[in-house]
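Protein chains in written order, with the working numbering: chain A, 1 to 264; chain B, 265 to 468; chain C, 469 to 717. Don't be surprised by glycine CBs; every beta carbon is placed ideally from N, CA and C. The next block holds one structure in the form of C-alpha cells; read it before the comments.
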Amino acid sequence: MESIDIIKSNYIRELLMDGVREDSRGLNDFRSIKVAPGVIEHAEGSAQVDLGSTRVLAGVKLIMGEPMSDTPDQGTMSMAAELLPLASADYETGPPSPDSIELARVVDRGIRAGNCIDLADLLVAEGKAWSVYADLYILNYDGNLFDAGELAVMSALMNTKVPKYEDDKVIREERIKDIKLNNIVTSATFAKIGDKILLDMNRNEGNAADARLTVATDGSVVRAMQKGLNGGITVKEIDDMVDTAMAKHVELKSIMEKATKRSL
Amino acid sequence: MREIVVPGEAVADRPVRMHNTCICNDKTYATIVGLFDKEHNEIIPLEGGWLPHIEDVVVGIVKSSRNSVYEVDLSYFKRSILIASKFERHPLKVGDIIEASIKDIEDRKTIILYRERALHGGTMIEVKASKVPRIIGKNSTMVNQISELTGASITVGRNGIIWMRGGDVGLATEAILKIEDEAHVAGLTERIRVMLKNRTKNGE
Amino acid sequence: MASLANKPDLIVNGKRVDGRDFDELRPIKIEAGVLKNADGSAYLEWGNNKILAGVYGPKEVFPRHMADPSKAIIKCRYTMAPFSSLADHGRTGPNRRSIEISKVTKEVFENVVILSEFPNSEIDIFIEVLQGDGGTRAAGITAASVALANAGIYMKDLVYAVSAGRIEDKIVLDFNMIEDNYSEADMPIAVAPRNNDILLLQMDGGLSKEQLKEAVGMVLEAGKKISVLQKAALNDNYKKATEQYGQKQ
Numbered sequence: 001m002e003s004i005d006i007i008k009s010n011y012i013r014e015l016l017m018d019g020v021r022e023d024s025r026g027l028n029d030f031r032s033i034k035v036a037p038g039v040i041e042h043a044e045g046s047a048q049v050d051l052g053s054t055r056v057l058a059g060v061k062l063i064m065g066e067p068m069s070d071t072p073d074q075g076t077m078s079m080a081a082e083l084l085p086l087a088s089a090d091y092e093t094g095p096p097s098p099d100s101i102e103l104a105r106v107v108d109r110g111i112r113a114g115n116c117i118d119l120a121d122l123l124v125a126e127g128k129a130w131s132v133y134a135d136l137y138i139l140n141y142d143g144n145l146f147d148a149g150e151l152a153v154m155s156a157l158m159n160t161k162v163p164k165y166e167d168d169k170v171i172r173e174e175r176i177k178d179i180k181l182n183n184i185v186t187s188a189t190f191a192k193i194g195d196k197i198l199l200d201m202n203r204n205e206g207n208a209a210d211a212r213l214t215v216a217t218d219g220s221v222v223r224a225m226q227k228g229l230n231g232g233i234t235v236k237e238i239d240d241m242v243d244t245a246m247a248k249h250v251e252l253k254s255i256m257e258k259a260t261k262r263s264l
Numbered sequence: 265m266r267e268i269v270v271p272g273e274a275v276a277d278r279p280v281r282m283h284n285t286c287i288c289n290d291k292t293y294a295t296i297v298g299l300f301d302k303e304h305n306e307i308i309p310l311e312g313g314w315l316p317h318i319e320d321v322v323v324g325i326v327k328s329s330r331n332s333v334y335e336v337d338l339s340y341f342k343r344s345i346l347i348a349s350k351f352e353r354h355p356l357k358v359g360d361i362i363e364a365s366i367k368d369i370e371d372r373k374t375i376i377l378y379r380e381r382a383l384h385g386g387t388m389i390e391v392k393a394s395k396v397p398r399i400i401g402k403n404s405t406m407v408n409q410i411s412e413l414t415g416a417s418i419t420v421g422r423n424g425i426i427w428m429r430g431g432d433v434g435l436a437t438e439a440i441l442k443i444e445d446e447a448h449v450a451g452l453t454e455r456i457r458v459m460l461k462n463r464t465k466n467g468e
Numbered sequence: 469m470a471s472l473a474n475k476p477d478l479i480v481n482g483k484r485v486d487g488r489d490f491d492e493l494r495p496i497k498i499e500a501g502v503l504k505n506a507d508g509s510a511y512l513e514w515g516n517n518k519i520l521a522g523v524y525g526p527k528e529v530f531p532r533h534m535a536d537p538s539k540a541i542i543k544c545r546y547t548m549a550p551f552s553s554l555a556d557h558g559r560t561g562p563n564r565r566s567i568e569i570s571k572v573t574k575e576v577f578e579n580v581v582i583l584s585e586f587p588n589s590e591i592d593i594f595i596e597v598l599q600g601d602g603g604t605r606a607a608g609i610t611a612a613s614v615a616l617a618n619a620g621i622y623m624k625d626l627v628y629a630v631s632a633g634r635i636e637d638k639i640v641l642d643f644n645m646i647e648d649n650y651s652e653a654d655m656p657i658a659v660a661p662r663n664n665d666i667l668l669l670q671m672d673g674g675l676s677k678e679q680l681k682e683a684v685g686m687v688l689e690a691g692k693k694i695s696v697l698q699k700a701a702l703n704d705n706y707k708k709a710t711e712q713y714g715q716k717q
C-alpha cells in the first residue's frame, strides 16, 4: 500500500468511530448501481455494471462442445475474471493474479450453487451440449468487485440468447431463445473495520478493512460465502450480514430484472 | 476569448515561444489539451501530471528517515529528499504528512525540499496537478473561501495532493472535486461560494 | 484465414457488403475521459468495433533499471476480450498477434509523444478490444491517441489510423471483418496529420504501385474526418460543463 493509502485508511477508521463513512453513506447502503445489458452484441449475453465508480463488464459466449464424462446429460459453465491494467494503477500485466482467481471462483460459486443456469437444458443431443463461458472484465476499480461481478455475470446471463444449432453447425447470427435460468443469485460483501461492519466498501474502505465477508443468496437460502483478509468475525456478525444480504437481494434482483427486461 | 486546443493544433502561423507548444516549419503548434489565450499568447493545460519547479509548495508523506535526511513521497511517482536543518527540534517520523517547498531539482530527478512544516491528523485527497492553480485561485481566493465556509484547514500541494483537517471535510472534498471537474469554466469562484453557502445553510 | 471456397461476394452493384461506398468509413464515435482511475482514457465505437483505451503516467519506471534519465519510456498492451468476436471464445491475454500489434503501436507513439519532457518515467498505454469487427489495431491507435491527449501527455500531434486495401480490382477503405478475411490486400496505416508522416504501415496481399498510391490517398482523405472526430471528443469532455455554467456569472 502507498503511504497515502495508509493516511486515508486512518481517516476512514476515525470517521467510522462516529458511524460516518467517507462518502456519507449509511453503513448498509450500496453505492448507486447501473446495469447496462447487451452492450457487446457479438457476445451471446453481456452486461456492464457500475457500482459507484467500480465498473465491470461481463460477456457470455456459448460454444458447442461435449458434456463432461461424469455429467453426460448436461452442458458446462466456466468463469474467468481479468483485472485489466487500465482499471487501476495497482494492477499489472501478467498471468492471472490470486485476486482475480478468487474473484472468478467466488462469483462462479454463487451462480453454480444457486443452479442459476439450467445446465440440463444446454444438452442438444447425445454427446453435444453448450458450454457457457462467462468472462468478467474489470474496467475501473473502486472496491467491491465481488458484488459488481456477481451483478454483471447474473445480468449477462439474463441477457443471454442461445444461437441456432442445426445440422451440426452453430448459426451465430440467429439466436433462437433465452438461455434457461432457474434462479437469480445476488451477493452482498461486507467489510469489518474496527468493530463496525459496512456494506459495499469502496477502494479506501477496502484498504482499511480488517475482514471481509461475501454472502451470495437467492433470497430464500444462502448459496455461497467467502471470508477474506486476516481479521476475525463473530457468529452474531455473520447472522446480521446474512440478514442484510437477504434483504438487499430483493433490491438487487429488481434492478437486474428492470434492466434486462427479464424476470424469474 | 479562450479556446480549447489539442496536440498538433496550430496556434500561430509563425514561430512564437510559449509553454506547451512546439515549433515546426516556422509554425507554432499546441502539444497538450489546454485553453489557448490569444491575447496573452499562453496555453493553460487542462490535463496532465506535475512537472516540478523550484519554489513549488508540495504536500507529501515521509517515507523513510536516516540521520535527519528524509525521503518524502509526493505521489505515486515523484519522490523527494528533505534535509532537515541542524536546529530541528521535533524530528519527523515515517508516515508524517508535511508541507514543504522545492529548493532544488538535481539531475532532473532528485527533488530537494526545504521550509517544511508537519501537518497533523486529517486526511488527503489527490487531484490532477493541472487543476491545482484553479483550486488555489487568484491570490488564494478559492481555497480561502472553501476553508472559511467549511471550517476545514486546507493545504494544497502543487503536486496534486491536498491535505485537510477539521470542519466539514466531506463538503470541502466535494467542492474541490467539483473545481477539478469544471476548472476550465469561467466564474467558478462565485459558483463554488454559492454552493458552499447553500449547503452550509441547509446543514444548520 | 478463411477458406476461399465459401468466399462471399464482397462487392455487389458497386456497393460493399454493408452498403458502403469504396471510400466510405464506418460510423465512428469517440468519447474522452471515460475511466475514472486512468490518467487518460477514451472509448471508441468504429462500426461494430468497441475499444477502450487507458493511459497511466508519467509514472515511476518498473523495473527501475530500465529508467532513462534523458526521456520517458512507453509500454503498450493491445488485447482482445475473449467475448469480443462473434464466432468463438478467444483466449484471455496477449498472444503472438497481439504482441506484435502492441509493439508497432508503441513505436507509433514513441514518435509523437515528446519523451524528453518526462525523463526517468514510464507511460503505459492499454488498448482493450471489447468487441472486434476488423480494423481493431487502427481503431485502437485512434483511441489511444485521444487517451494520451486526455492524460495531458505532451505530443507533437494527434495520430489517427485506418486501413485501406483491395477487393478484386477495387481499392477500398476501412475493411470490416468479412472484407478483412477475404480481401486481396489489407494495409493498416497510422498518420501524424500535421505533415502526413506515416508512423505505422503494415501490408499483406498484393498491391501494384498505382494501387498503393490510391490506397494511401484514400487513407489521407479519410484521416481528415477522423481527426475532426478526435478533436471533437477532447472538446466535448469540457463542453458539457461549459454549457451548463459558462454563460452565467
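Quick one: which unbroken beta strand (DSSP E) runs of 3-plus residues sit fully inside the stretch 164-238 of chain A? Chain order, please.
-> 169-178, 186-193, 196-199, 211-217 and 222-228
Which same chain residues, not among the five before or five after Gly-714 of chain C, have their C-beta less than 8 Å away from its C-beta?
-> For Gly-714 of chain C, the predicted structure reports a pLDDT of 49, less than 50, and the residue's modelled location is therefore unreliable. A value from the coordinates is still provided. Same-chain partners within the cutoff: there are none.
Any 3 or more C-beta pairs closer than 8 Å across the stretch 613-630 of chain C and the stretch 682-695 of chain C | yes
Environment of Leu-583 of chain C [buried if 16+ CB atoms lie within 10 Å] | buried
Compute every distance between the C-beta of Val-242 of chain A and the non-hydrogen atoms of the ligand FAD, then say whether any falls below 6 Å.
-> Looking for the ligand FAD in the displayed structure turns up nothing, as the structure carries no ligands at all.
Report, in whole angstroms, the separation of the C-beta atoms of Ala-617 of chain C and Leu-702 of chain C, which I expect to be a contact under 8 Å.
-> 6 Å
For the alpha helix (DSSP H) holding Asp-277 of chain B, just list the boundary residues, first then last.
-> Counting along the chain, Asp-277 of chain B falls outside any alpha helix (DSSP H), and DSSP gives it neither H nor E.
Distance between Arg-532 of chain C and Glu-267 of chain B (C-alpha atoms, nearest Å) = 40 Å
Quick one: which chain A residues come within Cβ less than 7 Å of Thr-387 of chain B?
-> Ile-7, Lys-8 and Tyr-11
Based on Cα-Cα distance, which residue from B:Ile-318, B:Leu-299 and B:Ile-287 lies nearest to Glu-370 of chain B?
-> B:Ile-318
Residue ranges of each alpha helix (DSSP H) within the stretch 565-643 of chain C, 4 or longer = 604-618
Could you spell out the range, first to last residue, of the alpha helix (DSSP H) harbouring Thr-405 of chain B?
-> 405-414
Closer than 7 Å to chain A by CB, Thr-573 of chain C | no
If you draw a straight line from the alpha carbon of Val-576 of chain C to that of Asp-625 of chain C, how long is it in whole angstroms?
-> 11 Å
How close, in whole Å, do the beta carbons of Pro-596 of chain C and Thr-560 of chain C come, if the pair is a contact with beta carbons under 8 Å?
-> It is worth fixing the name first, because residue 596 of chain C is Glu in this sequence and not Pro. Between Thr-560 of chain C and Glu-596 of chain C the Cβ distance is about 11 Å, and since that is not below 8 Å, they are no contact.
Would you check if the stretch 146-159 of chain A and the stretch 41-60 of chain A touch, i.e. whether three or more CB-CB distances between them fall below 8 Å?
-> yes
Mind checking who Trp-439 of chain C pairs with in its DSSP beta bridge?
-> Because residue 439 of chain C is not part of the residues shown, which for chain C are 469 to 717, the question remains open.
What span of residues does the alpha helix (DSSP H) with Val-107 of chain A cover, start to end?
-> 98-113
What number of angstroms, rounded off, separates the C-alpha of Asn-207 of chain A from the C-alpha of Gln-698 of chain C?
-> 37 Å
Nearest to Val-215 of chain A (by Cα), restricted to the options A:Glu-150, A:Pro-163, A:Ala-209 and A:Asn-204 | A:Glu-150
Is it true that the CB of Leu-338 of chain B sits closer than 7 Å to the CB of Val-322 of chain B?
-> yes
In or out: Tyr-378 of chain B buried (at least 16 other Cβ within 10 Å) or exposed?
-> exposed
Ala-125 of chain A, enclosing alpha helix (DSSP H) - first and last residue = No alpha helix (DSSP H) holds Ala-125 of chain A; the beta strand (DSSP E) holding it covers 123-125.
Taking C-alpha atoms, which residue in A:Met-79, A:Gly-94 and A:Leu-84 lies nearest to His-557 of chain C?
-> A:Met-79
Residues that Ser-329 of chain B bridges to, as DSSP identifies them = B:Tyr-334
Using a Cβ cut-off of 9 Å, which residues of the stretch 434-449 of chain B contact any Cβ in chain A, in chain order?
-> Gly-434 and Thr-437
Can you list, in chain order, the residues of the stretch 643-654 of chain C whose Cβ is nearer than 7 Å to any Cβ on chain B?
-> none
What's the C-alpha gap between Gln-717 of chain C and Pro-96 of chain A?
-> Residue placement at Gln-717 of chain C cannot be trusted, given a pLDDT of 32 that sits under 50; the coordinates are not used to answer.
On a CA-only basis, which of A:Met-241, A:Leu-16, A:Arg-21 and A:Arg-13 is nearest Leu-435 of chain B? Give me that one, please.
-> A:Arg-21
Own chain residues within Cβ distance below 8 Å of Ala-611 of chain C, not counting five before or after | Ile-498, Ala-510, Tyr-511, Leu-512, Ile-519, Leu-520, Ala-521 and Ile-595
By how many angstroms is the C-alpha of Pro-476 of chain C removed from the C-alpha of Met-420 of chain C?
-> Since the first residue of chain C shown is 469 and the last is 717, residue 420 of chain C is not available in this structure.
At what residues does the alpha helix (DSSP H) containing Ala-8 of chain A begin and finish?
-> At residue 8 of chain A the sequence reads Lys, which differs from the Ala that was named. Per DSSP, Lys-8 of chain A belongs to the alpha helix (DSSP H) from 3-17.
Beta-bridge partners of Lys-61 of chain A, as assigned by DSSP = A:Tyr-133
Measure the CB-CB distance between Val-420 of chain B and Val-433 of chain B and report whether it falls below 7 Å.
-> no
Status (buried if at least 16 other CB within 10 Å, exposed otherwise) for Thr-374 of chain B = exposed
Of the residues A:Arg-223, A:His-249 and A:Asn-140, the one placed nearest Asn-202 of chain A, counting alpha carbons only = A:Asn-140
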